[in-house]
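Student: In the numbering used here, the protein residues as written are -4 to 334.
One structure coming up, written as structure tokens, with questions to follow.
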Ligand code: KG4
Ligand code: ZN
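What follows is the structure in structure tokens.
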């Protein structure tokens, strides 16, 4: 029997400070410190995010070690998010990871945040099937919307992506127009449950077969609301649930249509979703319905692994450790980093 590999993973690409401990492909602990400081600004303020990471990182790492009952000297490697993300935020995680790896004399592993969202599907959990390669993954977050052909843990082919806003950004910006707090995606999801998804319709953007565009829907909703509010200043309050349900139906149907087209072309028989928006209840139920329609198997991540978390960084770190893909201590984070 090989000795188990213990990885400490650190994620700090945006506004969540997270640390996780993995033992091989299983997660022993996965802690996240959310930053409430951004709520009153209706979005993430980069400067405040970096400062909050500075305060959170040590307590979060300590708690992750203690929850996992793992000591610093048990660790085999430290994995951290190299990018993409906010540079100031990434610098906090990378500097911490480098300092600790150096002091412990163990390897450092750089992880691409978008690969990590996808490979979160490889985390071993009781009774959770793992998609075999190749599979198609629709990665939907606050910064990205991509259809990816996942060929192995190291080979990714982008089938298509957004030309402008990410779908999470569309959820958040429309939620802001509706007066909902940041992040608005989960709020739209919540109100939509009691609304009529057919109350209002919005036209779909015309783009290439596997491309997405979400800037148009945001403007359509803005003009529509301005027109209705002129007639009735209480329009949003009176129709909030229907508005949320209709917007959610529109956004999810754009995503599902493209995912269907991709599977019809690539015929992988295994389709997955990943990233923060994969927590959306309509997207999850729509994906499951495709199983019968397309005769495929579908994979939704556990809620804990949808939005930003360090466990997903840890699983990529584990594969990096096996393949000895170690980073020099001179490595730096990158705000922009291709898949
Ligand atoms: O992956 P993530 O945590 O951070 C990025 O890497 O961007 O994704 C955050 C995004 C936000 O836009 C948030 O509104 C969205 O995920 N989100 C949701 C839901 N939960 C989170 N969008 C729709 N429905 C949800 N339930
Ligand atoms: Zn993310």
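Don't be surprised by glycine CBs; every beta carbon is placed ideally from N, CA and C.
DSSP on residue 324, reduced to helix/strand/coil?
Tutor: Three-state result, residue 324: coil.
Student: Can you give, in chain order, each stretch of the alpha helix (DSSP H) that sits fully within the stretch 213 to 292 and has at least 4 residues?
Tutor: As far as the stretch 213 to 292 is concerned, its whole alpha helix (DSSP H) runs of at least 4 residues are 230 to 261, 276 to 289.
Student: Since I believe residue 131 is in contact with residue 258 (beta carbons under 8 Å), could you give me their beta-carbon distance rounded to a whole number of angstroms?
Tutor: About 6 Å separates the two Cβ atoms, so the contact holds.
Student: Does the beta-carbon distance from residue 83 to residue 45 come in below 7 Å?
Tutor: It is a contact, given that the beta carbons lie within the stated cut-off.
Student: Could you pull out every residue in the same chain whose Cβ sits closer than 7 Å to the Cβ of residue 299, ignoring the five residues on either side in sequence?
Tutor: Within the same chain, residue 299 has close Cβ partners 25.
Student: Put residue 177 into one of helix, strand or coil per three-state DSSP.
Tutor: It is coil, neither helix nor strand.
Student: Around the Cβ of residue 317, are there at least 16 other Cβ atoms within 10 angstroms (buried) or fewer (exposed)?
Tutor: Label assigned to residue 317: exposed.
Student: Considering only the alpha carbon of each residue, which of 177, 173, 199 lies closest to residue 137?
Tutor: For the residues 177, 173, 199, the minimum Cα distance to residue 137 belongs to 177.
Student: Quick check for students: name the residue ranges of the beta strand (DSSP E) that lie wholly in the stretch 74 to 126, counting only runs of 3 or more.
Tutor: With a minimum length of 3 residues, the continuous beta strand (DSSP E) runs that stay inside the stretch 74 to 126 are 103 to 107.
Student: With H, G and I counted as helix, E and B as strand and the rest as coil, what does DSSP make of residue 334?
Tutor: Note: residue 334 maps to coil in three-state DSSP.
Student: Can you look up residue 156 in the DSSP assignment and give me helix, strand or coil?
Tutor: Of the three classes helix, strand and coil, the one that applies to residue 156 here is strand, per DSSP.
Student: Kindly provide the chain-ordered list of residues whose Cβ lies closer than 5 Å to any non-hydrogen atom of the ligand ZN.
Tutor: Working through the chain, the matches are 136, 303.
Student: DSSP three-state label for residue 189, please.
Tutor: Correct three-state label for residue 189: coil.
Student: When every heavy atom of the ligand KG4 is checked, does at least one fall within less than 6 Å of the C-beta of residue 297?
Tutor: The answer is no for residue 297.
Student: Whether or not the stretch 251 to 270 and the stretch 195 to 214 are in contact is what I'm after, with contact meaning three or more pairs of Cβ atoms, one per stretch, closer than 8 Å; do they touch?
Tutor: Yes, the stretch 195 to 214 touches the stretch 251 to 270.
Student: Determine the burial state of residue 53: buried for a count of at least 16 other Cβ atoms within 10 Å of its Cβ, exposed for fewer.
Tutor: So residue 53 counts as exposed.
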